[in-house]
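Engineer: Below is a structure I'd like to ask you about.
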Amino acid sequence: MLGVSTELDAVTSHSEIVPDTVIFDDFEKFPPTAATVSSSLLLGIGGLPDTKFKSAVDRALADSECYGLENSDIQMSCFFNKALAHVGGDLAKLVPGRVSTEVDVHLAYDTHGIVRKVVV
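When we follow numbering that gives the first Met the number 0, the leftmost residue of the sequence shown carries the number 0, and every step to the right adds one.
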């Protein structure tokens, strides 16, 4: 690591660091360059009732499509996926780079399964 002062400098010289943290609303002070929407992010939003992303979760919970599904497990999965999508959409308006979304590990290499999940 010749000429690099820290390990963080070394890593950031070859890749983009995207913090996976509880959501914060200070985008002016700490402007993100990319984002990942994950279950831990949704949990963080739930713990911060004044965050700007709370409305994205509320929109997901208000989606009547999920209420019509046959059982509570499928309904919860629907609400969760809608919340991921809504938060991702809101982040995409604020972040200049890519916004990625966490997927179920069982679907990691199943393109058709991911598409079916998105359609739900």
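Glycine included, every Cβ here is placed at the ideal spot set by N, Cα and C. Owing to the predicted nature of the structure, the values given are computational and were not obtained by experimental measurement.
So who's on the other strand from valine 98, going by DSSP bridges?
Structural biologist: Ala34
Engineer: What number of angstroms, rounded off, separates the C-alpha of threonine 143 from the C-alpha of lysine 92?
Structural biologist: With the chain covering only 0 through 119, there is no way to say anything about residue 143.
Engineer: Is it true that the CB of phenylalanine 78 sits closer than 7 Å to the CB of cysteine 65?
Structural biologist: yes
Engineer: Across the stretch 41-52 and the stretch 65-74, are there enough close Cβ pairs to call them in contact, namely three or more that are closer than 8 Å?
Structural biologist: Counting C-beta pairs closer than 8 Å gives fewer than three between the stretch 41-52 and the stretch 65-74, which falls short of the contact rule.
Engineer: Terminal residues of the continuous alpha helix (DSSP H) containing threonine 5?
Structural biologist: Taken as a continuous stretch (DSSP letters only), threonine 5 belongs to no alpha helix (DSSP H), as it is neither H nor E.
Engineer: Comparing alpha-carbon positions, which option in Arg115, Leu60 and Ser14 lies nearest methionine 75?
Structural biologist: Leu60
Engineer: Evaluate histidine 111 with the Cβ neighbour count: other Cβ atoms within 10 Å of its Cβ, from every protein chain shown; 16 or more gives buried, anything less gives exposed.
Structural biologist: exposed
Engineer: With distances taken Cα to Cα, identify the nearest neighbour of asparagine 80 among Asp62, Ala9 and Asp49.
Structural biologist: Asp62
Engineer: Buried or exposed: glycine 87, going by 16 or more other Cβ atoms within 10 Å of its Cβ?
Structural biologist: buried
Engineer: For a test of the three-state rule: what should DSSP assign to glutamate 15, helix, strand or coil?
Structural biologist: coil
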